[in-house]
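The numbering of the sequence shown is full-length UniProt numbering, which starts it at 1 and goes up by one. Quick reminder that beta carbons are idealized off the backbone N, C-alpha and C, glycines included. Down below is the structure, laid out as structure tokens.
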Amino acid sequence: MANNMEAIKHWIDENLNKQRIEELRKTLEQNGIRITPLHVYFLLLATGVVYLAAKWLLRQQTTKSWLNIRPRSPDPEKPTDVTSFAEKRMKPTSRPPGTWTPSPFKRPPAKPYPNWSLENTKPLPYRPFRHGPYHITMGLRSMPWDDWIELDNQYLHFHALKKSRIAERGPSCCRTDPDPRVQDGALELLEELAAYLPERYPSMFVKTAVGIDNTVTNESYDIRPEHLTLNHEKHSAITLSALLIQDDLAIMYERPDGQYYLLSASILLAGFWRLSDKFGMPLSQIHTSGDVPGYKEKLEKGMMNFFRRVQPEKAVVRNNYFVQVDEDLAWSHSIGSEDSSDISWSTASKNKAIQHHHFRSERQSLRRLPRSGGVVFTIRTYFHPIAEICEERGVPGRLASAVRSWGEDVARYKGRERYGDVLLEFLDGKHAEQVESGLVQEGEEEEGRYPW
């Protein structure tokens, strides 16, 4: 913004001074056009406005070219503290903990995704990091119902990887507690997806009398409670849900102690954590056992308040990001074997070459199921080489600033000590290239619209 203002001031000084106005007036008069200095002034001013507007539009077109390639969700609002979000947008509840009365709420029908294509629809370019300082926050935003599930041209890769993971690891990745309410919630989620996907992605999914067909993979899902099959092969409801989409899934249920427990999930592509370590845990223990920075001090109270208050008609979304130093979407083997009892960043090789560095970002949606009352997380992972995203305008400098701004606890949690030297050297070099080429200006901190 400061650079734009300097440019405007410079143009005014150069073009709207008395000498320039008088020169232009005389030139016009010599050509038979009589005009007063005031008229010349306004003519120059109008010309300047048009010039600056055209320059701004051209810059928007070049720096956000992906907007011209694919549609996107409405601009997310500014992320906010989870406690404030719950208090401002969600009514308190007086229901006893662990109870739920089914809600009559029905999700609004989804509009078809404009021009969606399995070949050409690219992953949305989430870049959910800012110039420092870093703040620990849930970063919740309201979610338009149309945007519940995001699919793109990586679908078949995700689908094949999920199928192989289910075949190899089975119950360690997909589990549902036997409690009837939990079982019904897993079925309810499957029913919700079977209704939503043909509306949103009609070129790929077709609703049937018994469930849903995937016309791309030639798979038929029978979602009737007594069947639950994929091409006549029996699966759990949560497994069928996972195979329909690119997201991992988790459903939390409130018990009489007021805590929310992870009781149904399909966690196939998490990268850094295993369902077998977290299944059956309450929300707080899931975070404290994973050493999530600032959870007790800054997040726990607000998250408990949010989970109590969230209603079926109020869906939200959030984003996060990590750096990974290997190429495996499903499990980051650099932190140890998936079957090891000891997994941590301490096992990762230090300062691997930049080609091994990947940007891992999650887009998580949260909504309450109206019939069972379970709170569903959808967890969609976006995974790109660091070198690839650093070709985008402003990304190297912004990411470098974000990584440097992590406090010690966040840096330890995200493993910066194992890759920070190589990563920051690369980011600084790419930022310098963008400054030298004029793509960005030194000291510029244009943020765009979070989380892009």
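Taking C-beta atoms under 8 Å as the contact rule, residue 238 and residue 174 qualify, at a distance of about 6 Å. Residue pairing by DSSP places residue 271 opposite 331 in a beta bridge.
Between the alpha carbons of residue 143 and residue 199 lies a gap of roughly 17 Å. Taking all protein chains shown into account, residue 209 has fewer than 16 neighbouring C-beta atoms within 10 Å of its C-beta and is therefore exposed. Runs of the alpha helix (DSSP H) spanning 4 or more residues and lying entirely within the stretch 178 to 250 occur at 180 to 200, 237 to 244, in chain order. With contact defined as three or more Cβ pairs closer than 8 Å, the stretch 355 to 375 and the stretch 226 to 246 are not in contact.
Leaving aside the five residues that flank residue 211 on each side, the residues in its chain whose CB is nearer than 6 Å to its CB run, in chain order, 194, 221, 222, 223. Membership of residue 389 in the alpha helix (DSSP H) is indicated by the continuous run 386 to 389. With the rule of 3 Cβ pairs closer than 8 Å, the stretch 277 to 286 counts as touching the stretch 246 to 263. DSSP links residue 379 through a beta bridge to 248, 364. Residue 434 places its beta carbon 8 Å or farther from that of residue 398.
Listed in chain order, the non-local C-beta contacts of residue 408 below 8 Å within the same chain number zero, local neighbours out to five positions each way being set aside. The C-alpha of residue 289 lies about 25 Å from the C-alpha of residue 373. Check the Cα spacing between residue 216 and each of 411, 93, 281, 154: the tightest is with 154.
Judged by DSSP in its simplified three-state form, residue 359 adopts strand.
DSSP, reduced to helix, strand and coil, places residue 320 within a strand of the structure shown. CA-to-CA, the gap between residue 120 and residue 255 works out to about 45 Å. When DSSP states are grouped into helix, strand and coil, residue 369 belongs to the coil group. If one requires a minimum length of 4 residues, no alpha helix (DSSP H) run lies completely within the stretch 119 to 168. Looking only at 332, 367, 319, the smallest Cα-Cα distance to residue 272 is reached by 332.
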